[in-house]
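Protein sequences, first through last, are from chains G and P.
If you count the first sequence from 1, position 4 lands on 4 in this note's numbering, and the numbers rise without skipping.
Position in the second sequence (first residue = 1) + 1000 = this note's numbering.
From the three backbone atoms N, C-alpha and C, an ideal C-beta is built for every residue, glycine too.
Just so we're clear, the structure is a prediction, and the values are computed from it rather than from any experiment.
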Amino acid sequence: MNEPKKPDETEQFHPKGTILVLILFMLTLIALWGSVYLILLSRGVTV
Amino acid sequence: MTTDSKPSMHIDPYERGWIIATIILLIVFAAAITVAGFAMGIQVPAPAGRVNPQTVAQEGQFATPGLRELAPGKYEAYILAQIWRFDPSEITVPAGSEVMFYVTSKDVQHSFSIDGTNVNMQIVPGQISRLGHRFDTPGEYRIVCAEYCGSGHAAMYGKVIVTP
């Protein structure tokens, strides 16, 4: 008969899929923001 | 029995990591914007004054809109936006010129955006918007109204011609 898991064991869960999605989200955000920022710089300064 | 009334705050390590990464990203973005705005001089348009949109075409600088040379390589352009054109719709300057644009509208809300530059202003009746650019590269820079202003909006454009 299986014994119920102890609280310590349930806290060892690693949400790998969620971390991957969040890292992709973060990289996409940086890439899009960075590309717009470079366009801003490439257009020269205002006076 | 313990009587520890001190509140304890538990943050999951993953949650803490996400919060820290987000804060770092916001700081980097804010620093980049600050550098572009204050160290490099990329500014947003500033209101340069107020006018009466009903009389702006008859008096003051906008009665005779156009390009004025202040000094060699330094110009100011007074442009009156109206449905559906810019007056004047075309200005010509030599390469290396610094042009300060003063734009207002005598009817509805427009915008004044020059392709390939950071000049992009909202043009509000009653207010003069001001922003300048240094045109180093010869060519034609299209001016467009980027604020929908009516059925003829798509035909509202002009150009800055920069000669070598």
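- Contact annotation: Met1040 of chain P and Val45 of chain G have beta-carbon atoms nearer than 8 Å.
- Against Met1100 of chain P, the close residues of chain G are Val47, in the order they occur along the chain (beta-carbon pairs closer than 8 Å).
- The bridge partners DSSP lists for Asn1120 of chain P are P:Ser1113.
- According to DSSP, residue pairing for Phe1101 of chain P in a beta bridge involves P:Ala1077 and P:Leu1131.
- Contact between the stretch 1018 to 1032 of chain P and the stretch 1061 to 1072 of chain P is not established, with fewer than three Cβ pairs separated by less than 8 Å.
- Considering only beta carbons, the part of the stretch 30 to 46 of chain G lying closer than 8 Å to chain P consists of Ile30, Trp33, Tyr37, Leu40, Leu41, Arg43, Gly44, Val45 and Thr46, in chain order.
- The beta carbons of Phe1135 of chain P and Val1093 of chain P sit about 6 Å from each other, so the pair counts as a contact at 8 Å.
- Residue burial is scored here from C-beta neighbours: Glu1090 of chain P has fewer than 16 other C-beta atoms within 10 angstroms and is therefore classed as exposed.
- By the criterion of a C-beta distance shorter than 7 Å, Val1124 of chain P is surrounded in its chain by Ser1105 and Gln1109, once the five residues flanking it on both sides are discounted.
- Ranking P:Ser1113, P:Gly1049 and P:Ala1155 by CA distance to the CA of Arg1142 of chain P puts P:Ser1113 first.
- Separation of Leu32 of chain G and Met26 of chain G (C-alpha to C-alpha, rounded to the nearest whole angstrom) is 10 Å.
- Per DSSP, the continuous alpha helix (DSSP H) segment holding Val21 of chain G begins and ends at Lys16 to Ser42.
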